[in-house]
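Below is one structure, written out as structure tokens; the observations come after it.
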Amino acid sequence: EVQLLESGGGLVQPGGSLRLSCAASGFSLSSHAMSWVRQAPGRGLEWVSAIYKTESSTYYEDSVKGRFTISRDSSKNTLFLDMNSLRAEDTAIYYCVKGIMGGPGAFETWGPGTTVTVSS
Amino acid sequence: AIRLAQSPSSFSASPGDRVTFTCRASQPVSSFLAWYQQKAGKAPKLLIYAASSLQSGVPSRFSGSKSGTEFTLTISGLQSEDFATYYCQQYYTYPWTFGQGTQVEIK
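Same order as they appear, the protein sequences are chains S and F.
With our numbering applied, the first sequence covers 3 to 122.
With our numbering applied, the second sequence covers 1047 to 1153.
Here it is, written out as structure tokens:
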């Protein structure tokens, strides 16, 4: 069974850093495009970042460019999101998602999410 | 960024109703449009991709269509488990963007 499980969320002060992890099972991360999607409290969904089979192919939403970095460890079948210079507006549930073959931007598998709270 | 405008933002319906949601893109997105269902406290679930392709395991009462830059999601015969929020999303160009959602409530 294909599963994703995020971890690493928590409370962090503005300007701080956090690393989110997403452990994948039932498939190989390196064979699929993966993304992070977030949802602020009571708000809609927002795509954050994507990584393709070749790690040189990474993409970011404008507000996180230069602050967030997506990467993966194929040996551990784990996806990461390194978040720096965090702001209050980054407060959200962060979901790890798997894109469908042939349509990497359509997300067929979602993790349960991990909550990030940026507050002093 | 491409904006997706969903209408209505919310509405009430009864079990058995045929309901249709609309998603209008501010620019052409070809058929790179997906629909998701989200229930309270849960992660979203993919229903439709490529504008009209039904995701595996999704009931056939869900269907999607496209006309230019206007996309529709139709539920033929609303079931009690369908009361949720529905989002459209374009993956034609970066940044991939979502609509603001349509919430379906029980009448």
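Using N, Cα and C, we set each Cβ at its ideal position, and we do this for glycine too.
Kindly say whether residue i, judged by its beta-carbon, lies nearer than 8 Å to any beta-carbon of chain F.
i	result
aspartate 64 (chain S)	yes
tryptophan 49 (chain S)	yes
tyrosine 54 (chain S)	no
glycine 10 (chain S)	no
proline 114 (chain S)	yes
Given that residue i touches chain F, what residues does it touch there, using C-beta distances under 9 Å?
i	result
tyrosine 97 (chain S)	Ala1089, Pro1090
glycine 105 (chain S)	Phe1078, Ala1080, Tyr1095, Ala1096, Ser1099, Tyr1137
Which residues share a DSSP beta bridge with residue i?
i	result
aspartate 75 (chain S)	S:Thr80
arginine 69 (chain S)	Paired residue(s): none; arginine 69 (chain S) is not in a bridge.
glycine 101 (chain S)	S:Phe109
phenylalanine 1057 (chain F)	F:Val1150
tryptophan 1142 (chain F)	Tryptophan 1142 (chain F) is not bridged to any residue.
glycine 1052 (chain F)	Reading off the sequence, residue 1052 (chain F) comes out as glutamine, not glycine. Bridge partners of glutamine 1052 (chain F): F:Cys1069.
glutamate 8 (chain S)	S:Cys24
valine 118 (chain S)	S:Gly12, S:Ala94
arginine 1064 (chain F)	F:Ser1122
tyrosine 1132 (chain F)	F:Gln1083, F:Thr1148
Which residues in chain S sit within 7 Å of residue i, going by Cβ to Cβ distance?
i	result
glycine 1147 (chain F)	Gly46
glutamine 1083 (chain F)	Within 7 Å Cβ-Cβ: nothing; glutamine 1083 (chain F) doesn't reach chain S, min ~11 Å.
proline 1141 (chain F)	Trp49, Glu63, Asp64
phenylalanine 1057 (chain F)	Per Cβ cutoff of 7 Å: no residues; phenylalanine 1057 (chain F) is ~17 Å from chain S at best.
How about residue i: is its C-beta nearer than 8 Å to some C-beta of chain S?
i	result
phenylalanine 1117 (chain F)	no
tyrosine 1133 (chain F)	yes
alanine 1071 (chain F)	no
threonine 1068 (chain F)	no
phenylalanine 1129 (chain F)	no
phenylalanine 1108 (chain F)	no
How would you list, in chain order, the residues of chain B whose beta-carbon sits under 7 Å from the beta-carbon of residue i?
i	result
alanine 1080 (chain F)	This model lacks chain B altogether, as its protein chains are S and F.
Is it buried or exposed for residue i, if we count other Cβ within 10 angstroms and need 16 for buried?
i	result
valine 99 (chain S)	buried
glutamine 1135 (chain F)	buried
threonine 111 (chain S)	buried
leucine 31 (chain S)	buried
proline 16 (chain S)	exposed
alanine 1086 (chain F)	exposed
methionine 103 (chain S)	exposed
valine 4 (chain S)	exposed
isoleucine 1152 (chain F)	exposed
threonine 116 (chain S)	buried
alanine 1047 (chain F)	exposed
arginine 1049 (chain F)	exposed
Using a Cβ cut-off of 7 Å, pull out every chain F residue sitting near residue i, in sequence order please.
i	result
isoleucine 102 (chain S)	Tyr1095
Subject >> Ordered list of beta strand (DSSP E) runs contained in the segment 1077-1128 of chain F, each at least 3 residues >> reply: 1079-1084, 1091-1095, 1108-1113, 1116-1122
Subject >> Ordered list of beta strand (DSSP E) runs contained in the segment 15-70 of chain S, each at least 3 residues >> reply: 20-27, 36-41, 47-53, 60-62
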